[in-house]
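Visitor: Here's a structure for you.
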Amino acid sequence: MMLKWKRGSGLGSSQEIMRGEGGHQPAVFEKMHVLKNIIKLVVKIGLLARNDMLSEADIKQLENVQKQLHSLALTIISFVQVKYSFERTHLIDLLKSMKQSLMPLVSLKLSDNSTRRLEHVINHLTNTHFLDTLFKVDGPHAGVLAEFVTSMEELLESEDL
1 MMLKWKRGSG LGSSQEIMRG EGGHQPAVFE KMHVLKNIIK LVVKIGLLAR
51 NDMLSEADIK QLENVQKQLH SLALTIISFV QVKYSFERTH LIDLLKSMKQ
101 SLMPLVSLKL SDNSTRRLEH VINHLTNTHF LDTLFKVDGP HAGVLAEFVT
151 SMEELLESED L
């Protein structure tokens with residue numbers, strides 16, 4: 001049911017994407033903070049599931065989030081593989097929908113800090129400048145984004161995502 005995070009499964013390319021171009025220190029810190037928040041949320045939700053601390057309704061909600069994550073991955077793959085297909089509003093809608101699905105679970109089962117982490121992650125990932133820079137055709141992130149997509153394809157193929 002849960003995402004299985006394997007060593008070398010795109011985390012390195014995720015870090016490269018989050019670093020951004022230029023290496024401006026405050027921006028790098030912010031983006032790495034987002035990545036750390038994603039990891040913390042995934043681990044905490046995984047621990048809730050592993051320790052049987054979720055109700056049937058919570059499990060169904062997580063299954064819905066997993067379907068949304070699968071759809072998000074396919075969308076990102078498509079945007080990268082088909083040049084000029086990036087549609088920012090569609091991606092933002094998918095991310096906000098995931099947030100709406102996760103928020104009740106996070107706010108009821110985890111701390112206020114985790115709720116703030118989720119808000120922080122979604123706010124960053126839905127930032128239009130970030131998305132436009134990330135998906136710019138032949139832009140500074142094209143190579144790293146291609147590696148990330150390859151990792152996501154492998155996760156989808158192995159049914160770990």
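Residue numbers 1 to 161, in full-length UniProt numbering, belong to the letters of the sequence shown in order. Beta carbons are placed, not taken as given, at the ideal position from N, Cα and C, and that holds for glycine. No experiment lies behind these values; they were computed from the predicted model shown.
#1: What is the rounded straight-line gap between the Cα of S111 and the Cα of V121?
#2: Can you tell which of H141, V28, K67 and G143 has its C-alpha closest to the C-alpha of L95?
#3: Should Q61 and V149 be called a contact, given that it needs their Cβ atoms to be closer than 8 Å?
#4: So, under 8 Å CB-CB, M103 and L91 are touching, yes? Tell me the CB distance rounded to an integer number of Å.
#5: Got a sec? Which residues, its chain only, sit under 8 Å from H24 by beta carbon, not counting five neighbours each side?
#6: Out of curiosity, what's the CA-to-CA distance linking D138 and M98?
#7: State the DSSP-derived secondary structure class of G22, mapped to helix, strand or coil.
#8: Under 7 Å Cβ to Cβ from F79, same chain only, skipping five residues before and after it: list those, please.
#9: Assign H129 to buried or exposed, taking buried as 16 or more other Cβ atoms, counted over all protein chains shown, within 10 Å of its Cβ.
#10: Among T126, L48 and M53, which residue has its Cα nearest to the Cα of V34?
#11: Go ahead and label M152 buried or exposed: buried means 16 or more other beta carbons lie within 10 angstroms of its beta carbon, across all protein chains shown.
#12: Let me know the secondary structure DSSP gives P140 once reduced to three states.
#13: Might you give, ordered along the chain, the residues of its own chain that have their beta carbon closer than 6 Å to the beta carbon of L48, omitting 5 neighbours on each side?
#14: Could you give the first and the last residue of the continuous alpha helix (DSSP H) run that contains F79?
Guide: If we stick to the structure as given:
#1: On the sequence shown, position 111 is the one that residue 111 refers to. On the sequence shown, position 121 is the one that residue 121 refers to. Note on geometry: alpha-carbon atoms of S111 and V121 lie some 16 Å from one another.
#2: The sequence position of residue 95 within the sequence shown is 95, counting from 1. When each option's Cα is compared against that of L95, the closest is K67.
#3: For this step, residue 61 is matched to residue 61 along the sequence shown. For this step, residue 149 is matched to residue 149 along the sequence shown. In this structure, Q61 lies away from V149, with their beta-carbon atoms at least 8 Å apart.
#4: Your numbering for residue 103 matches position 103 in the sequence shown. Your numbering for residue 91 matches position 91 in the sequence shown. 19 Å between Cβ atoms; not a contact.
#5: Here the question's residue 24 lines up with position 24 in the sequence shown. Residue confidence is low: H24 scores 47 on pLDDT, short of 50, so the model does not pin down where it sits. No coordinate-derived value is stated.
#6: Locating residue 138 in the sequence shown gives position 138, counting from the first residue. Locating residue 98 in the sequence shown gives position 98, counting from the first residue. If you draw a straight line from the Cα of D138 to the Cα of M98, it is about 28 Å long.
#7: As a working note, residue 22 is residue 22 in the sequence shown. Low per-residue confidence applies at G22: pLDDT is 48, beneath 50, and the placement is therefore not dependable, though the value from the model is reported in the following sentence. G22 falls in the coil class under three-state DSSP.
#8: Within the sequence shown, residue 79 is the residue found at index 79, counting from 1. Within the same chain, and ignoring the five residues on either side of F79 in sequence, the residues whose Cβ sits closer than 7 Å to its Cβ are S85, F86 and F135.
#9: Against the sequence shown, residue 129 aligns to sequence position 129. Looking at its Cβ environment, which holds fewer than 16 other Cβ atoms inside 10 Å, H129 is exposed.
#10: Here residue 34 is taken as the residue at index 34 of the sequence shown, counted from 1. Cα-wise, what sits closest to V34 is T126.
#11: The residue you call residue 152 lines up with position 152 of the sequence shown. The residue is buried, with at least 16 neighbouring Cβ atoms inside 10 Å.
#12: As a first step, residue 140 must be located in the sequence shown, where it is residue number 140. In this structure, P140 counts as coil in the three-state DSSP scheme.
#13: Position 48 of the sequence shown holds residue 48. The answer, listed in chain order, is L54 and K109.
#14: As a working mapping, residue 79 is identified with position 79 in the sequence shown. Per DSSP, F79 belongs to the alpha helix (DSSP H) from E56 to Q81.
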